[in-house]
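One structure is given here, and the rest of the page talks about it.
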Amino acid sequence: MEKKATLRNPKRQSVARPGRPVRGSTTGRPLMAALDLLGRRWALRILWELRDGPLGARSLRERCDGMSPSVLYDRLGDLTGAGLVVQRDDQCYELSEAGLSLGEALNPLDQWARRWAERT
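All letters in the sequence shown, in the order written, are residues 1 to 120 by full-length UniProt numbering.
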């Protein structure tokens with residue numbers, strides 16, 4: 001039986017939020033806060049995997065090439081703290097309204113990446 005790790009790790013960096021200092025911006029400009037959050041290892045991949053619906057931690061790890069449980073729970077803590085992901089009563093994770101909105105904003109980047117891949 002897999003042991004559930006906690007979402008709060010005191011050693012990890014704080015959740016990026018607009019208006020608070022983040023990597024690349026002492027003022028915490030909204031775009032810089034978003035780039036800080038999304039630039040963290042595995043963050044975008046987790047959001048991408050949740051785009052089609054809720055997943056439990058084990059399924060999410062499998063879809064993310066078996067990332068370590070500690071990294072998964074750290075990122076889920078970041079993403080839930082930022083309001084992009086929510087944990088349901090059945091312990092599955094899903095995108096919040098803000099997470100779904102971010103997914104829509106990333107669709108043009110996905111389309112660009114597909115065209116780029118065809119050219120290379």
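Every residue, glycine too, gets a C-beta built ideally from N, C-alpha and C. All of these numbers come straight from a predicted model, not from anything done at the bench.
Q. Are three or more beta carbon pairs between the segment 15-24 and the segment 71-87 nearer than 8 Å?
A. They touch, by the three-pair rule.
Q) Around the C-beta of Arg40, are 16 or more other C-beta atoms found within 10 angstroms, so that it is buried, or is it exposed? A) The residue labelled residue 40 in the question sits at position 40 within the sequence shown. With 16 or more neighbouring CB atoms inside 10 Å of its own CB, Arg40 falls in the buried class.
Q: Give the secondary structure of Val15 by DSSP, where H, G and I count as helix, E and B as strand, and everything else as coil.
A: The residue labelled residue 15 in the question sits at position 15 within the sequence shown. Note: Val15 maps to coil in three-state DSSP.
Q) Contact between the segment 23-33 and the segment 63-70: three or more CB pairs below 8 Å? A) By the Cβ criterion, the segment 23-33 is not in contact with the segment 63-70, since fewer than three pairs of Cβ atoms, one from each stretch, lie closer than 8 Å.
Q.
I'd like the ranges of any beta strand (DSSP E) spanning at least 3 consecutive residues and lying wholly in the segment 58-108.
A. Complete beta strand (DSSP E) runs here, min 3: 85-87 and 93-95.
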